[in-house]
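Notes for the one structure printed next.
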Amino acid sequence: MAAISMTLGCQSQPELPAEVGADLQSGQIGAKITALATCGGQATDPFTQIKTLELKVRDSSLTTPKSVLKSAATAVLAGGKTAVAFSQIPAGSPREVTILGFGASSSASWYGRRTGVNIKKNETTTLEMALMAVEGFTCVGAKSMPNVLFPATTVIDNGRVLITGGFTNASPDGAIVKLESATDRAYIFDPNNGKFVATDGLLKEGRAGHAMIYLAKPNQVLIVGGVKKMTIAADGASPPIWSPSDSANLTYEIFDIGTGKFLAGPDSGANCKKRVFPNLLALTDDYVIALGGAPWPSSDTDYYGKSDLFEAKHGTNEPTGRFKDIGNGLQLNAVRGGAAVASVGPTVNGTNRYLVWGGNTFAGAPDCSNPLPTNLRHVERFKESTEPGTGEFFGDYVLEGDLAAPYDAKNPKALNRDMSLFFPTLTNIGRATEGGKEVYKFLSIGGARYANYGPAACPGPVLGWQAPNLEDAYILTLIEPTDTTKGRLGTKRIAGLQKGVYLHQASQAGSGAVVLTGGFSAFGGNADFSIQYFDFASSKLLSTQQVPAASKFVLRGGHAGLSLRNDCIFMFGGAAKLGDGGLQSTSPATSDVYCPQFLVPKS
Numbered sequence: 038m039a040a041i042s043m044t045l046g047c048q049s050q051p052e053l054p055a056e057v058g059a060d061l062q063s064g065q066i067g068a069k070i071t072a073l074a075t076c077g078g079q080a081t082d083p084f085t086q087i088k089t090l091e092l093k094v095r096d097s098s099l100t101t102p103k104s105v106l107k108s109a110a111t112a113v114l115a116g117g118k119t120a121v122a123f124s125q126i127p128a129g130s131p132r133e134v135t136i137l138g139f140g141a142s143s144s145a146s147w148y149g150r151r152t153g154v155n156i157k158k159n160e161t162t163t164l165e166m167a168l169m170a171v172e173g174f175t176c177v178g179a180k181s182m183p184n185v186l187f188p189a190t191t192v193i194d195n196g197r198v199l200i201t202g203g204f205t206n207a208s209p210d211g212a213i214v215k216l217e218s219a220t221d222r223a224y225i226f227d228p229n230n231g232k233f234v235a236t237d238g239l240l241k242e243g244r245a246g247h248a249m250i251y252l253a254k255p256n257q258v259l260i261v262g263g264v265k266k267m268t269i270a271a272d273g274a275s276p277p278i279w280s281p282s283d284s285a286n287l288t289y290e291i292f293d294i295g296t297g298k299f300l301a302g303p304d305s306g307a308n309c310k311k312r313v314f315p316n317l318l319a320l321t322d323d324y325v326i327a328l329g330g331a332p333w334p335s336s337d338t339d340y341y342g343k344s345d346l347f348e349a350k351h352g353t354n355e356p357t358g359r360f361k362d363i364g365n366g367l368q369l370n371a372v373r374g375g376a377a378v379a380s381v382g383p384t385v386n387g388t389n390r391y392l393v394w395g396g397n398t399f400a401g402a403p404d405c406s407n408p409l410p411t412n413l414r415h416v417e418r419f420k421e422s423t424e425p426g427t428g429e430f431f432g433d434y435v436l437e438g439d440l441a442a443p444y445d446a447k448n449p450k451a452l453n454r455d456m457s458l459f460f461p462t463l464t465n466i467g468r469a470t471e472g473g474k475e476v477y478k479f480l481s482i483g484g485a486r487y488a489n490y491g492p493a494a495c496p497g498p499v500l501g502w503q504a505p506n507l508e509d510a511y512i513l514t515l516i517e518p519t520d521t522t523k524g525r526l527g528t529k530r531i532a533g534l535q536k537g538v539y540l541h542q543a544s545q546a547g548s549g550a551v552v553l554t555g556g557f558s559a560f561g562g563n564a565d566f567s568i569q570y571f572d573f574a575s576s577k578l579l580s581t582q583q584v585p586a587a588s589k590f591v592l593r594g595g596h597a598g599l600s601l602r603n604d605c606i607f608m609f610g611g612a613a614k615l616g617d618g619g620l621q622s623t624s625p626a627t628s629d630v631y632c633p634q635f636l637v638p639k640s
């Protein structure tokens with residue numbers, strides 16, 4: 038990474054048109070600029086390329102953000118000047134502040150953004166702003182960082198990102214490949230200034246396949262689950278497999294941001310199950326539900342049929358919160374592992390709702406009197422109650438549409454409702470009104486299927502794992518139940534997925550698109566999925582050829598990815614292949630940020 042940090046000097050102000058501010062109700066923006074180098078090639082100082090800067094300020098309280106500037110606000114970078122000030126900016130909040138960098142081209146090549154900015158009348162609002170490549174990949178972090186598979190990331194205070202764990206090695210062992218050497222290292226990336234640093238402390242336990250969630254009130258991060266090792270069939274017949282013994286002692290720990298230390302839970306994990314790839318649901322008052330994380334494709338229904346409840350600390354004498362004994366409370370409608378969750382949105386009371394999708398495991402061999410697992414519950418919804426830390430999982434939804442297709446005896450491997458779906462991604466893509474009712478829309482992409490039935494006689498061998506299928510791409514429509522009607526989940530297949538995929542990421546970039554990155558189309562193959570968009574405006578999947586940066590993407594899967602507050606996509610780790618040689622402790626980490634072209638404001 039090449040980063041040039043500058044000292045703010047408000048005396049270095051460009052001359053701006055007097056009309057930039059519409060009236061006297063205005064303030065000033067002072068920007069301390071950092072520019073980060075693009076990935077690949079020589080680490081050229083970006084400030085040798087950036088000649089001018091342009092400021093865009095929009096009112097982000099509107100459904101469609103609108104510019105508050107009446108004319109362009111620009112600054113010329115010359116003589117090593119790296120701090121700028123823009124005057125006569127209309128006051129107000131929340132403002133979306135974007136700074137674009139231009140070189141020889143008339144198109145912006147560099148991009149920085151801060152959201153939720155409060156511009157005050159007659160005051161200077163000082164912002165750190167890291168400029169990143171437009172429609173390219175900006176490298177962050179040190180080259181000495183080891184690469185990892187199945188790390189975890191989460192956004193913490195001030196839009197920073199915490200990165201923890203992951204496997205650092207894959208080694209062959211006869212008919213299997215062992216994923217092992219889970220790291221205890223952790224890092225913090227600040228997209229506001231481009232700094233990427235190791236935390237002062239290390240994880241209490243090295244882990245991979247875990248999950249994290251930020252707790253705002255205590256300014257801490259809850260870290261749940263994970264494993265020390267996994268195995269992969271060398272013949273590529275199945276996804277990575279784990280057993281409960283692989284996750285010994287990996288219940289939870291807590292990262293205290295203020296001190297930079299990782300702390301063990303005060304109850305030694307007594308009320309927290311050993312979960313791998315768990316799902317965490319944020320409730321009000323910093324309560325958290327942990328669910329899923331069961332072994333796939335089958336697991337113990339008594340153990341993983343229940344979720345766990347974490348209560349954050351609420352007193353000065355409590356260093357951390359803890360998981361509570363809730364008995365048989367918060368019971369799921371299905372045992373899940375490798376599931377996906379997405380927020381449905383708040384209730385009228387301000388409490389939270391979540392959709393839980395896929396990952397439905399089963400117990401034991403098929404019942405030959407009814408060999409099809411027709412009781413699979415692909416979906417359930419959690420609704421938080423007004424009493425903190427309580428709520429209910431509702432699973433009585435009627436599955437409709439393409440995914441509800443019945444089993445076809447003439448084509449038993451065809452996608453159908455009796456196959457479990459593991460490892461999809463799920464993204465809330467908005468609300469709509471259909472038939473006079475408010476409905477909720479979600480994008481489900483990818484995953485791997487498991488058929489717990491045989492192609493012919495029962496008893497007999499089951500079909501088992503089915504490779505990712507490019508037809509597993511859907512728009513889900515959630516319709517809540519009423520006093521007189523059942524809840525329904527519509528599933529409409531969408532065309533255009535470049536190939537079947539799993540162990541990928543789906544991250545929303547602003548209001549423009551869901552960006553799909555990385556993944557594998559086969560259990561034992563190389564990572565072969567690059568980048569694809571689901572475009573909100575057209576409700577279609579755009580082809581890879583329509584994404585200019587796709588050819589520059591470092592192919593990998595099993596990476597972590599999330600949306601930054603500047604609307605770009607941060608990605609960390611991942612392997613080029615899951616078998617031998619795809620992951621070594623000496624391999625440098627792939628750590629980059631992607632800022633799509635469509636993020637550049639047109640006005």
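When we follow our numbering, the leftmost residue of the sequence shown carries the number 38, and every step to the right adds one. We put the CB at the ideal spot given by N, CA and C, even for glycine. Only a predicted model underlies this, so the values are computations on that prediction, with no experimental measurement involved.
Distance check between residue 392 and each of 366, 374, 420 places 420 closest, using alpha-carbon atoms only. In this structure, residue 313 lies near residue 263, with their beta-carbon atoms less than 8 Å apart. Taking all protein chains shown into account, residue 211 has fewer than 16 neighbouring C-beta atoms within 10 Å of its C-beta and is therefore exposed. Between residue 560 and residue 398, the alpha-carbon positions lie close to 19 Å from each other.
In this model, residue 227 and residue 521 are separated by some 50 Å (Cα to Cα).
Note on the stretch 237 to 298: whole beta strand (DSSP E) runs with a minimum of 3 residues are 248 to 252, 257 to 261, 267 to 270, 289 to 293, in chain order. Secondary structure note for residue 572: its beta strand (DSSP E) is the uninterrupted segment 568 to 572. In the DSSP assignment, residue 501 is bridged to 488. Between residue 136 and residue 68, the C-beta gap is smaller than 8 Å, which places the two residues in contact.
Of 476, 523, 101, the smallest CA-CA separation from residue 133 is found for 101.
Your pair residue 300 and residue 293 checks out as a contact, with CB atoms roughly 6 Å apart and the cut at 8 Å. In this structure, the alpha-carbon of residue 428 lies about 5 Å from that of residue 422. When DSSP states are grouped into helix, strand and coil, residue 85 belongs to the helix group. Taken through DSSP and simplified to helix, strand or coil, residue 636 comes out as helix. Across the structure, residue 448 and residue 493 are spaced so that their CA atoms are roughly 11 Å apart.
Exclusion of the five residues before and after residue 321 leaves 387, 388, 389, 421, 425 as the residues of its chain whose Cβ lies within less than 8 Å of its Cβ.
Taken through DSSP and simplified to helix, strand or coil, residue 621 comes out as coil.
When 249, 318, 459 are compared, the shortest CA-CA separation from residue 331 is found for 459. By the Cβ rule, the stretch 368 to 377 does not count as touching the stretch 495 to 513, because fewer than three pairs are nearer than 8 Å. Judged by pairs of C-beta atoms under 8 Å, the stretch 627 to 635 touches the stretch 164 to 182, as three or more such pairs exist. As summarised for the stretch 156 to 217, the continuous beta strand (DSSP E) elements at least 3 residues long and confined to that stretch are 161 to 170, 174 to 176, 189 to 192, 198 to 201, 204 to 210, given in chain order.
Contact between the stretch 172 to 187 and the stretch 204 to 223 is present: 3 or more CB-CB pairs across the two stretches fall below 8 Å. In the three-state reduction of the DSSP assignment, residue 585 falls in the helix class, which pools H, G and I. Taken through DSSP and simplified to helix, strand or coil, residue 615 comes out as coil. In the three-state DSSP reduction, residue 338 falls in the helix class (H, G or I). When the alpha-carbon of residue 223 is set against those of 584, 272, 348, 240, the nearest one is in 240. Assignment of residue 470 by DSSP, reduced to helix, strand and coil, places it in the strand class. The DSSP-derived three-state label of residue 304 is coil. Rounded to whole angstroms, the gap between the alpha carbons of residue 599 and residue 625 is 20 Å. In the DSSP assignment, residue 545 falls within the unbroken beta strand (DSSP E) covering 542 to 546.
Its Cα nearest to that of residue 111, the residue 145 stands out among 145, 83, 103. Counting only runs of 3 or more residues that sit fully inside the stretch 108 to 148, the beta strand (DSSP E) segments are 110 to 113, 120 to 127, 129 to 139, in chain order. Boundaries cannot be given for residue 407, as no beta strand (DSSP E) includes it and DSSP labels it neither H nor E. Around the beta carbon of residue 159, fewer than 16 other beta carbons lie within 10 angstroms, which makes this residue exposed.
In the DSSP assignment, the residues bridged to residue 315 are 329. Across the structure, residue 306 and residue 83 are spaced so that their CA atoms are roughly 48 Å apart.
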